[in-house]
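The sequence shown runs contiguously to residue 455 in the numbering used here.
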Amino acid sequence: MKVLVIGSGGREHAIVQAAAASSKVEKVFCAPGNGGIAGMAECVPIGAMEFEKLASFAKEQQIGLTIVGMDDPLVGGIVDVFEREHLRVFGPRKNAAILEGSKAFSKDLMKKYHIPTAAYESFTDAGDALAYLKRAEFPIVLKADGLALGKGVLICHTLEEAEAGVKAIMEDKQFGSAGNCMVIEEYMTGREVSVLSFVDGKTIRTMASAQDHKRAQDGDLGPNTGGMGTFSPSPFYTEQVDAFCRKYIYQPTVDAMAKEGRAFQGIIFFGLMLTEQGPKVLEYNARFGDPEAQVVLPRMKTDMIEVMEACIDGRLDEIELEFEDNAAVCIVLASDGYPVSYEKGFEIRGLERFEEANGYYCFHAGTKLTEDGKLLTNGGRVLGVTAKGADLKEARANAYQATEWVEFGNKYMRHDIGRAIDEA
Ligand code: AMP
Ligand code: GLY
32 MKVLVIGSGG REHAIVQAAA ASSKVEKVFC APGNGGIAGM AECVPIGAME
82 FEKLASFAKE QQIGLTIVGM DDPLVGGIVD VFEREHLRVF GPRKNAAILE
132 GSKAFSKDLM KKYHIPTAAY ESFTDAGDAL AYLKRAEFPI VLKADGLALG
182 KGVLICHTLE EAEAGVKAIM EDKQFGSAGN CMVIEEYMTG REVSVLSFVD
232 GKTIRTMASA QDHKRAQDGD LGPNTGGMGT FSPSPFYTEQ VDAFCRKYIY
282 QPTVDAMAKE GRAFQGIIFF GLMLTEQGPK VLEYNARFGD PEAQVVLPRM
332 KTDMIEVMEA CIDGRLDEIE LEFEDNAAVC IVLASDGYPV SYEKGFEIRG
382 LERFEEANGY YCFHAGTKLT EDGKLLTNGG RVLGVTAKGA DLKEARANAY
432 QATEWVEFGN KYMRHDIGRA IDEA
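This is the structure:
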């Protein structure tokens, strides 16, 4: 079968790698892809939002399965376009991708179906939001309703900060139309865990847990980013936590979507916080996490393509997922200055070592191949250096060692990825 992966980040590189490893796959295409994906798949210069062009390409090439990696095309309805053209595609339809596309929708769903989450109110009027804040307790969390590259969440410690936040989101439209509506919610504390799952509309199968590091600097300081590093599994995600989440969060979410006439088929990413009152949902995403996919997929023993096909055909109940009994750590190598401002175009050296090293992967995020075959930095997050190990400590040592193999101008990384491992 020929497979087409849509997206251009480290997550898509990990998806391409898992697809290429499937016994069912003869060739992988990626649109638009990047400099590293080009070594594993044929990159096609079509943008992820060019639905009609992508569908035409899939028809011409007789693609047997298209996998959508990114949130924007899913929320924009790419799956509906492919289905209309009778093309096989893995991901939620537009009416289900709203689980990620609208925070107000997802909060209302959780409230209606009693799924544990932070208390909240949603607002479409800035004046109402400001009036509400006068009565609120601090800290408090403001969220732009729509997609905002992971940056539409503001944690405000004072009334002044929160008022400025409402203005930025709803009046100055700092996150564009994502701020036409906003959610104001209770501030929670606890450990964060990401749990990714396959869903076929009624059955759910969860993958190994992971933890991300969203802040730019060591010690969880600095601005929020797309993610600076991950590890899997999370030592805090115990069997007891898993049992609670299965009963009160995972299956109830899938059932709620089905009841609403929005059956979800694809990946649900549960962003959880383990609070003193038990696990609660921070957010849902409708796709693999980036860089969570980079530590979860390399540990998955089950053929990813078989699982995706079972989701599309509604027979996920026939499949049990298997993971290696080990750990993986991903360290993001970024351009100094990310996520605020940074330079691009530096040559990257040292990647040959990953080809020979077993259990080491270098997933490309922002890279570009020049016509004369040079690899250049081309984004804020550049590479996701990933290593496996027998346990989390070994995986972390291996990953940090491998970051030294790679050189490029303005290379920046956090030095404390996985510090929670020592606190477990
Ligand atoms: P989200 O995009 O909703 O996952 O939010 C991004 C980050 O903001 C999360 O990973 C948390 O670290 C933080 N956050 C979001 N909602 C809350 C909340 N209610 N209480 C505390 N922190 C939160
Ligand atoms: N790593 C968080 C996300 O993909 O949203």
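Glycine included, each C-beta is placed from N, C-alpha and C at the ideal position.
query, result
"Residue nearest to P264 in terms of C-alpha spacing, selected from V226, K278, Q296 and G253", "V226"
"Bounding residues of the alpha helix (DSSP H) (the contiguous stretch that carries I336)", "M335 to D344"
"CB contact flag (V112, I37, <9 Å)", "no"
"Inter-stretch contact at 8 Å, needing at least 3 Cβ pairs: the region 207-216 / the region 319-331", "no"
"For T333 and E91, the rounded distance between their alpha carbons", "30 Å"
"Endpoints, beta strand (DSSP E) assigned at M304", "Q296 to T306"
"Heavy atom of the ligand AMP within 8 Å of K134 beta-carbon", "yes"
"Terminal residues of the beta strand (DSSP E) in which A358 lies", "A358 to S366"
"Proximity below 9 Å, CB of R293 to CB of G41", "no"
"Identity of the residue in T269, K311 and L118 nearest A150 by Cα", "K311"
"E387 versus D176 - alpha carbon distance", "45 Å"
"Beta-carbon spacing of L105, R318 below 9 Å", "yes"
"Cα-Cα separation, G368 to G253", "11 Å"
"Beta carbon of G181 nearer than 9 Å to that of A241", "no"
"Member of L161, V197, N316 and E192 whose CA lies at the smallest distance from the CA of K174", "V197"
"Cβ-heavy atom distance, G41 to the ligand GLY, below 8 Å", "no"
"Residue nearest to L85 in terms of C-alpha spacing, selected from T408, G67 and L35", "L35"
"Cβ separation of M32 and G95, assumed to be a contact under 8 Å, to the nearest whole Å", "4 Å"
"Bridge-paired residues (DSSP) for C212", "In DSSP, C212 forms no bridge with anything."
"E438 versus F300, N409, A287 and G381, residue with shortest Cα-Cα distance", "G381"
"Inter-stretch contact (C-beta, 8 Å, three-pair minimum) for the region 123-132 and the region 282-301", "yes"
"Buried or exposed by the 16-neighbour rule on C-beta atoms within 10 Å, applied to R427", "buried"
"Test item: CB-CB of G376 and L407 under 9 Å", "yes"
"Q248 - containing beta strand (DSSP E), residue span", "R246 to Q248"
"Under the three-state DSSP convention, the category S133 falls into", "coil"
"Element boundaries [beta strand (DSSP E), containing S87]", "Counting along the chain, S87 falls outside any beta strand (DSSP E), though it belongs to the alpha helix (DSSP H) covering F82 to E91."
"Chain-order list of residues whose beta-carbon lies under 8 Å from that of V338 (same chain, five-residue window excluded)", "F229, R236, L347, I350 and L352"
"Simplified DSSP state of I146, which is helix, strand or coil", "coil"
"Check: G302 C-beta below 8 Å from any heavy atom of the ligand GLY", "yes"
"K245 CB to nearest heavy atom of the ligand AMP below 8 Å", "yes"
"Contact test: Y163 Cβ vs the ligand AMP heavy atom, cutoff 8 Å", "no"
"Nonlocal neighbours in the same chain, by C-beta distance under 7 Å from R384, ignoring five residues either side", "W436"
"Outcome for M201 when other beta-carbon atoms lying within 10 angstroms are tallied against a minimum of 16", "buried"
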